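Novice:
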Amino acid sequence: MPRGDDERRRTRIDELDRYQVVGTLGVGGMGVVFDAVDTLTRRPVALKFSLATPQSAHAAKQRLDREAEAMIRSNDRRVCTVYDVADCDGWPCIAMERLDGRTLQAKLTAGPLDTFDVIDVAAEIAGALAAVHRAGLVHQDIKPANVFVTTDGHIKLLDFGLAVPCGSLPAGPGWGCKTGRPSVLGTTNYISPERILRLPADPRSDLFSLGAVVYEMAAGRPPFAARSTADALMNVLESDPPAIGRLQSATARALDRLARTLLEKDPDLRCQSAAEVRKALLALRKGRSHSAGRVTFRRSIHTRSTRHDSVDATCAHVH
Ligand SMILES: Nc1ncnc2c1ncn2[C@@H]1O[C@H](COP(=O)(O)OP(=O)(O)OP(=O)(O)O)[C@@H](O)[C@H]1O
Ligand SMILES: [Mg+2]
0 MPRGDDERRR TRIDELDRYQ VVGTLGVGGM GVVFDAVDTL TRRPVALKFS LATPQSAHAA
60 KQRLDREAEA MIRSNDRRVC TVYDVADCDG WPCIAMERLD GRTLQAKLTA GPLDTFDVID
120 VAAEIAGALA AVHRAGLVHQ DIKPANVFVT TDGHIKLLDF GLAVPCGSLP AGPGWGCKTG
180 RPSVLGTTNY ISPERILRLP ADPRSDLFSL GAVVYEMAAG RPPFAARSTA DALMNVLESD
240 PPAIGRLQSA TARALDRLAR TLLEKDPDLR CQSAAEVRKA LLALRKGRSH SAGRVTFRRS
300 IHTRSTRHDS VDATCAHVH
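Have a look at this one:
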């Protein structure tokens with residue numbers, strides 16, 4: 000039975016009133032996240048809106064639906080929990096758990112982290128990524144601004160706006176596209192070579208971005224930073240990250256080697272799974288190095304001509 004105008008208006012007001020906005024948590028390239036209270040359950044929530052005009056509201060709703068679905072499918076304690084995809088007075092938004100703490104990006108403004116803190120944060124990100132990949136997804140936007148460090152010292156992965164099913168081709172509206180326009184997406188400092196080359200989505204691409212985050216946590220600067228976006232992209236494709244100045248302990252040196260393994264241009268030369276990376280990090284944490292055994296990996300893409308066609312490699316060159 001069609002609802003009357005009064006009832007329809009009341010429902011909209013109820014939905015809008017359900018969330019009382021009390022502040023702003025963050026503003027990104029494509030959206031804004033508000034601090035709010037769910038008046039029905041009385042719990043604090045974060046409301047993520049996608050910037051949209053009334054004309055693009057439908058596309059924005061689709062994007063947020065897919066983002067929420069990816070977060071729900073990942074189903075891991077280290078991924079921010081989605082409560083609902085709501086409609087606030089015609090504006091779609093994701094209602095999710097409101098986290099206390101700050102982003103890893105904010106934390107890094109104070110400088111590089113202690114080696115064991117790097118290991119702890121990295122192991123949690125790797126654990127979250129293992130769950131994302133098990134769900135058949137690639138996050139595609141791993142960077143310090145999308146990693147939240149809670150006040151109790153754990154991490155929560157945010158911002159699944161670029162997440163896509165493994166094997167998806169880049170471009171096109173929908174999954175993995177924040178703007179509806181095909182483009183190289185993701186942040187220059189953390190994007191993998193294969194994403195620049197617009198190859199199908201591969202979980203190992205997230206491992207490259209994790210390597211960039213690990214490097215930045217240890218060095219205090221991203222590995223491929225440059226004056227211009229074009230130079231940064233060239234660095235990602237062609238350059239090795241500069242040496243980290245102070246690597247005083249054996250653990251710090253082992254962590255550096257692990258980061259460099261993750262930052263291999265060729266995905267076949269990296270650690271092959273997030274679970275493997277986590278295992279290597281936990282072994283480092285316990286003060287012993289981890290070897291996944293010697294495995295021969297073959298290169299599948301050629302971003303540099305100077306490397307051999309196949310190499311002996313272990314996941315974690317952490318000895
Ligand atoms: N659940 C949350 N609790 C607390 N703060 C949050 C939460 N979600 C997001 N934030 C804050 O809002 C910022 C932006 O969130 P997010 O990365 O999801 O959106 P975005 O970067 O605007 O999205 P996009 O990259 O799609 O433009 C985060 O860096 C963080 O500071
Ligand atoms: Mg973000």
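The letter at position 281 of the sequence shown is residue 280 when you use numbering that gives the first Met the number 0, and the numbering goes up by one with no holes. Just so you know, even glycine gets a beta-carbon here, dropped at the ideal spot from N, CA and C. None of these values were measured; they are calculated from a predicted model.
Taking 8 Å as the cut-off, does the stretch 150 to 158 touch the stretch 74 to 87 (at least 3 CB pairs, one atom from each stretch)?
Specialist: Short answer: they touch.
Novice: Please classify residue 208 as buried or exposed, where buried requires at least 16 other C-beta atoms within 10 Å of its C-beta.
Specialist: By the neighbour-count rule (16 or more Cβ atoms within 10 Å), residue 208 is buried.
Novice: Out of 144, 46, 194 and 141, state which residue places its alpha-carbon closest to the alpha-carbon of residue 166.
Specialist: For the residues 144, 46, 194 and 141, the minimum Cα distance to residue 166 belongs to 194.
Novice: Can you tell me whether DSSP reads residue 210 as helix, strand or coil?
Specialist: In this structure, residue 210 counts as helix in the three-state DSSP scheme.
Novice: Output needed for residue 273: all residues of its chain with C-beta closer than 6 Å, excluding positions within five of it in sequence on either side, in chain order.
Specialist: So the qualifying residues of the chain are 125, 128, 129 and 132.
Novice: Is the Cβ-Cβ distance between residue 139 and residue 120 less than 8 Å?
Specialist: No, these two residues do not count as a Cβ contact at 8 Å.
Novice: Whose C-beta lies closer than 6 Å to the C-beta of residue 83 among residues of the same chain, with five residues either side of it excluded?
Specialist: Around residue 83: 94.
Novice: Considering Cα atoms alone, identify which of 106, 71, 91 and 258 is closest to residue 240.
Specialist: Among 106, 71, 91 and 258, the Cα nearest to that of residue 240 is on 258.
Novice: Taking buried to mean at least 16 other C-beta atoms within 10 Å of its own C-beta, is residue 237 buried or exposed?
Specialist: Counting Cβ neighbours within 10 Å, residue 237 comes out exposed, since fewer than 16 surround it.
Novice: Can residue 276 and residue 161 be called in contact, C-beta distance under 8 Å?
Specialist: Contact flag unset, no.
Novice: CA-CA distance, residue 45 and residue 33?
Specialist: Residue 45 and residue 33: Cα-Cα distance of roughly 6 Å.
Novice: From residue 267 to residue 213, what does the alpha carbon distance come to, in whole angstroms?
Specialist: Near 19 Å, if we compare the C-alpha coordinates of residue 213 and residue 267.
Novice: Could you give the residue range of the alpha helix (DSSP H) that holds residue 253?
Specialist: First-last of the alpha helix (DSSP H) with residue 253: 249 to 261.
Novice: Considering Cα atoms alone, identify which of 224, 255, 72 and 280 is closest to residue 322.
Specialist: Residue 322 cannot be examined here, being either before or after the span of the chain that is shown, 0 to 318.
Novice: Compute the Euclidean distance between the alpha carbons of residue 250 and residue 232, then round it to the nearest angstrom.
Specialist: When rounded, the distance between both Cα atoms is 30 Å.
Novice: For residue 254 and residue 148, which I take to be in contact (beta-carbon distance under 8 Å), what is that distance rounded to the nearest angstrom?
Specialist: Contact doesn't hold; Cβ gap of about 18 Å is too wide.
Novice: If you check the beta carbons only, do residue 283 and residue 215 fall under 8 Å apart?
Specialist: In this structure, residue 215 does not lie closer than 8 Å to residue 283 by Cβ.
Novice: Are any of the Cβ atoms in chain D nearer than 8 Å to that of residue 83?
Specialist: In the structure shown, chain D does not exist; there is a single protein chain.
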